[in-house]
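Trainee:
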Amino acid sequence: MEAKRYAGEWSVRYIEPGMTIGLGTGSTVFFAIQKIGELAKQGLTVKAVASSDRSEKLARELNIPIVSFSSIDSIDVTIDGADEVDAQCNLIKGGGGAHTREKILAYNSKDFIVIADSSKLVEKLGKFPLPVEIVPFATSLTLQHLKATGCEPHIRQENGQDYITENGNLTVDCQFKEILHPILLDAELRKIPGVVATGLFSYSMVTKVIVGYSSGLVKEI
Ligand code: 5RP
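By the numbering used here, the letter at position 97 of the sequence shown is numbered 189, and the numbering carries on one by one without gaps.
Okay, structure coming up:
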């Protein structure tokens, strides 16, 4: 947890007064939002758009002004976590079930800053099952097509029931042996009707990755 805190707290140095900031979701972003709350209390004026109800609730509790997706033209900087970061800074995201909104934030941000503890660094993506959000219509057909890409697809469960995203969809966790070509795989998966968004984020979206270590060291990649 400390390593996540170091990365999260470090990231807020890239926030400037007047910025519109995107807030990701997860236990690492939690520390960044807390720090932004402290800065807001000291007079930093920013507005934020959140990728989940959880992050929005936390931001509101800390008096960080929240605006809706539809009311903004662009985002200055988005800060978000990751489940895996490979050697080129391609990411797997979506462990927290919010990757579709997170991808919209990242895509529309001038800077996309990823924060992670060092356990998230991998040589190749794929040990972490890839989250894919799908519409809950013709699920078995969509699952067949997902399987044909070379993975074992599992519909995510929560409390014994299908996990429903904040967009009203299902999440399929796709276990690949390894992901050799993340960008090609993302394109292949997105061709399947019924797929809303995958948790693969290309390195080209990423401005920098901030990695926290339990020793207190923070590295920027
Ligand atoms: C949520 C995400 C998170 O950023 C990812 O799961 C990392 O979470 P954590 O910071 O809790 O390790 O993609 O959809």
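All C-beta atoms, glycine included, are put in the ideal place defined by N, C-alpha and C.
Let me check one thing: in DSSP terms, what residues is Phe204 bridge-paired to?
Mentor: According to DSSP, Phe204 bridges with Thr170.
Trainee: Is Gly129 helix, strand or coil when you go by DSSP?
Mentor: Helix, per DSSP.
Trainee: Would you say the beta carbon of Thr290 is closer than 7 Å to some non-hydrogen atom of the ligand 5RP?
Mentor: Incorrect: Thr290 has no Cβ contact closer than 7 Å to the ligand 5RP.
Trainee: For Asp254, collect the residues of the same chain with a Cβ closer than 7 Å to its Cβ; drop the 5 residues on either side in sequence, then sort them by chain order.
Mentor: For Asp254, where only same-chain residues beyond five positions count, the Cβ hits under 7 Å are Ile247 and Leu262.
Trainee: Relative to the alpha-carbon of Ile256, which residue among Gly188, Cys266 and Gly129 has its alpha-carbon at the smallest distance?
Mentor: The option with the nearest alpha carbon to Ile256 is Gly188.
Trainee: Which residues mark the beginning and the end of the alpha helix (DSSP H) in which Leu233 is found?
Mentor: Thr231 to Lys239 is the span of the alpha helix (DSSP H), which, as asked, contains Leu233.
Trainee: Which of the three DSSP states is assigned to Pro109 in this structure?
Mentor: Three-state result, Pro109: coil.
Trainee: Between the C-alpha atoms of Asp145 and Gly308, what's the straight-line distance to the nearest angstrom?
Mentor: Approximately 30 Å, taken between the alpha carbons.
Trainee: CB of His191 to nearest heavy atom of the ligand 5RP: below 7 Å?
Mentor: For the ligand 5RP, at least one heavy atom lies less than 7 Å from the Cβ of His191.
Trainee: Sort Glu244, Ser211, Tyr98 and Leu197 by Cα distance to Val264 and report the nearest one.
Mentor: Ranking the options by Cα distance to Val264, first place goes to Glu244.
Trainee: For Leu217, which residues does DSSP report across the bridge?
Mentor: Bridge partners of Leu217: Ile271.
Trainee: Is it buried or exposed for Asp172, if we count other Cβ within 10 angstroms and need 16 for buried?
Mentor: Looking at its Cβ environment, which holds 16 or more other Cβ atoms inside 10 Å, Asp172 is buried.
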